[in-house]
Structures are given as structure tokens and as C-alpha cells.
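Take the position in the sequence shown, starting the count at 1, then add 7; the result is the number in the working numbering. By construction, the Cβ of each residue, glycine as well, lies at the ideal position given by its N, Cα and C atoms. To start, the structure under review is shown below, and the notes come after it.
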Amino acid sequence: MSMLEVFVCRAQRGHGKSLVDEPVVAMPTEQERRPARVAVMLALAHKIQEAIDRGVVQDQAEAARRLGVSRARLTQLLDLTLLAPGIQEELLFLEAVGGVEGVSERAVRPVVKHERWEEQRLEWTRIKR
Numbered sequence: 008m009s010m011l012e013v014f015v016c017r018a019q020r021g022h023g024k025s026l027v028d029e030p031v032v033a034m035p036t037e038q039e040r041r042p043a044r045v046a047v048m049l050a051l052a053h054k055i056q057e058a059i060d061r062g063v064v065q066d067q068a069e070a071a072r073r074l075g076v077s078r079a080r081l082t083q084l085l086d087l088t089l090l091a092p093g094i095q096e097e098l099l100f101l102e103a104v105g106g107v108e109g110v111s112e113r114a115v116r117p118v119v120k121h122e123r124w125e126e127q128r129l130e131w132t133r134i135k136r
């Protein structure tokens with residue numbers, strides 16, 4: 008009696024989902040570099056804050072509605088602009104290499120909780136280790 012193994016995976020292509028015989032894995036190359044997600048989020052936060060300051064949007068609530076995010080999420084993004092300038096510069100130059108992020112936005116949130124830039128720098132140093 009022979010044993011029959013069936014390997015079935017769920018794959019999402021376009022808007023539909025289907026079952027396939029082999030897993031579909033897009034492996035990034037080692038050389039693939041792109042801006043880190045946290046860098047993109049920080050740049051977006053500055054653009055949103057600029058739009059609020061210039062009066063393009065009335066307030067954070069309107070910006071959240073237009074972007075389709077919750078007010079809490081928008082606050083998290085805008086909090087990134089409160090980081091010490093040196094930390095922001097480091098974040099903006101971070102890259103994801105081969106699909107691996109150096110640091111996540113969630114990891115940066117405890118740094119923002121400190122009001123004083125000196126305390127932020129100490130927390131940032133601790134996180135980078």
C-alpha cells in the first residue's frame with residue numbers, strides 16, 4: 008500500500024483566494040532595498056501635519072476621515088513628529104534590506120512617550136541595541 012501525500016496551500020492572487028499545490032512565496036533578493044516602513048510613516052506624518060498647519064484640512068479628525076484611518080491611528084502617526092530631530096533623521100534614512108525591517112513603528116512608540124529629547128535619545132539608544 009502506498010502513501011499519498013497532498014500538500015494544499017491557500018493563495019491569494021488579485022481579489023480572489025484559491026487552493027494551490029505548492030506554497031507561493033515571493034522571496035525578496037538580498038540586494039533589494041527600500042525605505043523602511045517607519046521612515047515612510049514618519050514622512051507621511053510630516054505631510055499630514057503640514058496639511059493641517061496650512062489649513063488644507065481643518066483638524067486631525069478631518070485628516071483621519073479623509074485617509075480612512077481612526078483618530079487614534081492618526082495620533083500615533085503624528086506623534087512621530089514629536090521625536091527629537093536626530094532620531095527622526097535616523098528613522099528617515101532607515102532601509103529595509105531583503106524585506107527585513109530594521110525597527111518597527113511600534114518599537115518607536117515608547118520613545119515618543121518621553122517629552123524631553125534627552126530622555127527620548129536614551130530610550131532610542133536602548134531600543135537600537
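Handout entry: Close-in-space but distant-in-sequence residues of the same chain around A52 (CB under 6 Å, 5 per side omitted)
Key = Reading the sequence shown from its first residue, position 45 is the one you call residue 52. Within the same chain, A52 has close Cβ partners L84, L85, L87 and T88.
Exercise for the section: Helix, strand or coil for E122, going by three-state DSSP, please let me know. Expected result: On the sequence shown, position 115 is the one that residue 122 refers to. Three-state result, E122: coil.
Exercise for the section: Tell me whether the beta-carbon of L129 lies closer than 8 Å to the beta-carbon of L98. Expected result: On the sequence shown, position 122 is the one that residue 129 refers to. On the sequence shown, position 91 is the one that residue 98 refers to. Contact flag unset, no.
Handout entry: Nonlocal neighbours in the same chain, by C-beta distance under 8 Å from A58, ignoring five residues either side
Key = By one-based count along the sequence shown, residue 58 stands at place 51. For A58, where only same-chain residues beyond five positions count, the Cβ hits under 8 Å are V64 and A70.
Practice task
May I ask you to report which of helix, strand or coil DSSP gives E69?
Solution key: Walking along the sequence shown from the start, residue 69 turns up at place 62. E69: helix per DSSP, three-state reduction.
Exercise for the section: Would you list the residues sitting across from E102 in a DSSP beta bridge? Expected result: In the sequence shown, residue 102 corresponds to position 95, counting from 1. Answer is P42, bridged to E102.
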